[in-house]
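Working notes for the structure below.
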Amino acid sequence: MGEVSDAEILAAFLAADGGYVSGSSIAEDTGVSRAAVWGRLERLRTEGFAFEAIRNRGYRLETIPEALHPALLAAHLLRLACPANLHFLAETDSTNTQAERLLAEGEHTPFVVVAGRQTAGRGRRGREWFSQDPGNLTLSLALRPQLPPARMQTFTLWMGLSTSLAINELCGVSLKVKWPNDLHWNGKKVAGMLTEARSDSEMLRDLVFGIGLNVNGVTDEYPPEVRRVAGSLREAVGRVFDLNETAAKLICALQKACDTFLEDCYRETFREQWPLHDALTGQEVTVSLADGEIVGEYLGIDETGTLRLRLPDGQERQFAAGDVTLRKQK
1 MGEVSDAEIL AAFLAADGGY VSGSSIAEDT GVSRAAVWGR LERLRTEGFA
51 FEAIRNRGYR LETIPEALHP ALLAAHLLRL ACPANLHFLA ETDSTNTQAE
101 RLLAEGEHTP FVVVAGRQTA GRGRRGREWF SQDPGNLTLS LALRPQLPPA
151 RMQTFTLWMG LSTSLAINEL CGVSLKVKWP NDLHWNGKKV AGMLTEARSD
201 SEMLRDLVFG IGLNVNGVTD EYPPEVRRVA GSLREAVGRV FDLNETAAKL
251 ICALQKACDT FLEDCYRETF REQWPLHDAL TGQEVTVSLA DGEIVGEYLG
301 IDETGTLRLR LPDGQERQFA AGDVTLRKQK
């Protein structure tokens with residue numbers, strides 16, 4: 001009774017969209033006996049699913065788990081015709097770290113690591129990423145791009161923009177990308193991204209893109225230092241999301257965005273859409289560096305993703321890295 005068969009069975013219920021599915025049709029479609037179908041449904045009941053059974057009509061899916069579930073996530077991916085090499089863990093230290101372990105072991109790429117909970121999630125510069133809320137998503141996409149490092153300069157920004165577009169399609173919320181690696185709604189941080197890579201002198205060998213997305217989190221319950229800056233899709237829209245469906249749609253969007261980037265077919269969309277989703281447009285900002293802070297007017301980014309800043313004396317300065325905070329709304 002593997003997870004793939006469970007996913008196929010659950011995909012049949014998802015396709016029925018609340019309707020009844022006969023045990024015989026499930027058995028025929030999945031290649032197992034009706035008794036085996038019944039056995040799997042009984043086991044799924046112990047994992048948070050509820051099925052109504054009516055004689056001569058079949059089964060109807062009544063209740064699904066609120067938390068991430070590997071078979072249900074895989075079923076949504078099947079429904080979306082989005083094949084993914086999925087590695088699901090109920091708990092891990094960090095999805096990025098787990099992806100790096102799998103890369104070191106020679107796992108076939110691309111693959112996705114999804115965790116129900118992270119115990120040591122991390123952000124840029126070794127900062128801790130709060131990821132204790134089971135209503136949120138933490139996942140990492142791993143690949144071996146075999147591209148020159150210079151080609152990857154706008155990768156994280158492109159993936160953030162693609163996530164914003166996917167979320168807008170999912171629920172109508174327009175997230176803004178805050179350079180270099182955050183997604184914001186109404187001034188609150190809804191997602192953080194972390195790209196990590198290993199390279200030799202000429203080529204990127206391994207690349208891991210990680211994202212933590214606050215989906216159903218209630219930020220009033222977060223620690224004070226997190227509550228002050230955090231937001232969630234639930235708070236933006238006013239409803240609870242199907243976490244497994246949301247994860248599947250995000251995985252599909254990220255895989256497609258990655259393919260578009262690697263094929264170098266992203267530039268026109270990036271040029272057109274970036275100004276519409278740039279969280280810093282028209283703002284005065286502070287760029288924090290290791291040796292101090294620089295204040296100026298945000299002028300956008302160049303084609304390499306470098307931040308452009310007009311200083312108080314009128315000169316322009318560019319930044320390839322740094323932390324940015326808003327000073328005031330113009």
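Quick note on our numbering: the sequence shown kicks off at 1 and runs consecutively.
Positions of the beta carbon are idealized from the N, C-alpha and C atoms, including for glycine.
- For a cut-off of 8 Å, the C-beta gap from Val215 to Arg198 is around 30 Å, too long to register as a contact.
- Rounded to the nearest whole angstrom, the CA to CA distance from Gly292 to Val226 is 24 Å.
- Counting only residues of its own chain and dropping the five nearest sequence neighbours on each side, Lys178 has a CB closer than 6 Å to the CB of His184 and Ala279.
- By the C-beta criterion, the region 87-102 is judged not to be in contact with the region 255-270, since fewer than 3 inter-stretch pairs fall below 8 Å.
- Taking C-beta separations shorter than 7 Å and ignoring five residues to either side along the sequence, the partners of Glu91 in its chain run Ala115, Gly116, Arg117 and Thr119, following chain order.
- Put simply, of Arg34, Ser33 and Leu61 the residue whose alpha carbon is nearest the alpha carbon of Tyr20 is Leu61.
- Per DSSP, the beta-bridge partners of Ser199 are Leu204.
- Listed in chain order, the non-local C-beta contacts of Cys252 below 6 Å within the same chain comprise Leu80 and Cys82, local neighbours out to five positions each way being set aside.
- DSSP places Gly210 within a strand segment (E or B) once states are collapsed to three.
- Comparing C-alpha distances from Thr304 to each of Leu68, Ser33, Phe111 and Thr156 shows the shortest one belongs to Thr156.
- Counting C-beta pairs with one atom in each stretch, the region 142-149 and the region 198-212 have three or more that are closer than 8 Å, which means they touch.
- Listed as beta-bridge partners of Ile294 by DSSP are Val287.
- In the three-state DSSP reduction, Glu105 falls in the coil class, being neither helix nor strand.
- If you draw a straight line from the Cα of Met152 to the Cα of Pro224, it is about 35 Å long.
- The Cβ neighbour count for Ser162, taken over all protein chains shown within 10 Å, is at least 16; the residue is labelled buried.
- Counting along the chain, no alpha helix (DSSP H) covers Asp182; the unbroken beta strand (DSSP E) around it starts and ends at Asp182 to Trp185.
- Distance from Lys188 to Asp182 at the Cβ level is roughly 10 Å; contact not present, criterion being Cβ atoms closer than 8 Å.
- By the CB criterion at 8 Å, Leu165 and Gln273 fall inside the cutoff.
- A Cβ-Cβ separation of about 16 Å leaves Leu10 out of contact with Ala84 under the 8 Å criterion.
- The beta carbons of Leu137 and Ala75 sit no closer together than 8 Å.
- Taking Gly58 as the centre and dropping the five residues before and after it, the same chain places the C-beta of Tyr20, Val21, Ser22 and Gly23 closer than 7 Å to its C-beta, in chain order.
- Annotation for Ala53: Tyr59 place their beta carbon closer than 7 Å to its own, counting only its chain and skipping 5 residues before and after.
- Under the DSSP definition of a beta bridge, Leu311 lacks any partner.
- C-alpha of Pro65 to C-alpha of Thr286: approximately 44 Å in a straight line.
- Shown here, Ile64 sits in coil according to DSSP, grouped into three states, outside any helix or strand.
- In the structure shown, Phe155 falls within a helical segment according to DSSP collapsed to helix, strand and coil.
- In the DSSP assignment, Thr92 falls outside any beta strand (DSSP E) and carries neither an H nor an E.
- Counting along the chain, no beta strand (DSSP E) covers Val240, and no H or E run does either.
- In the DSSP assignment, the residues bridged to Phe319 are Leu307.
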